[in-house]
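Participant:
Residue numbers (the numbering used here): 1178 to 1243.
Structure (structure tokens):
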């Protein structure tokens, strides 16, 4: 429904703004503590975690639909 889509867009907007606000200071803290290269390692780990979570949630929705 339209209200569900509106809520989804609102939640997306909230979390994208929140993540953009956190990423800069977090990357700076990681670089200060562990070196510049560690930012890329952390980003790779975060991406792989997101991919694993996406696959898990996709499989869960397939089980529910059957």
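For every residue, glycine included, the Cβ atom is placed at its ideal position computed from N, Cα and C.
The structure presented is a predicted model; accordingly, all values stated were derived computationally and were not measured.
Is the beta carbon of residue 1215 closer than 8 Å to that of residue 1207?
Facilitator: In this structure, residue 1215 lies closer than 8 Å to residue 1207 by Cβ.
Participant: Just curious, the alpha helix (DSSP H) that residue 1211 is in, first and last residue?
Facilitator: That run of the alpha helix (DSSP H) goes 1179–1211.
Participant: Only counting the same chain, and skipping five residues up and downstream in sequence, which positions put a Cβ closer than 7 Å to that of residue 1239?
Facilitator: Contacts found: none.
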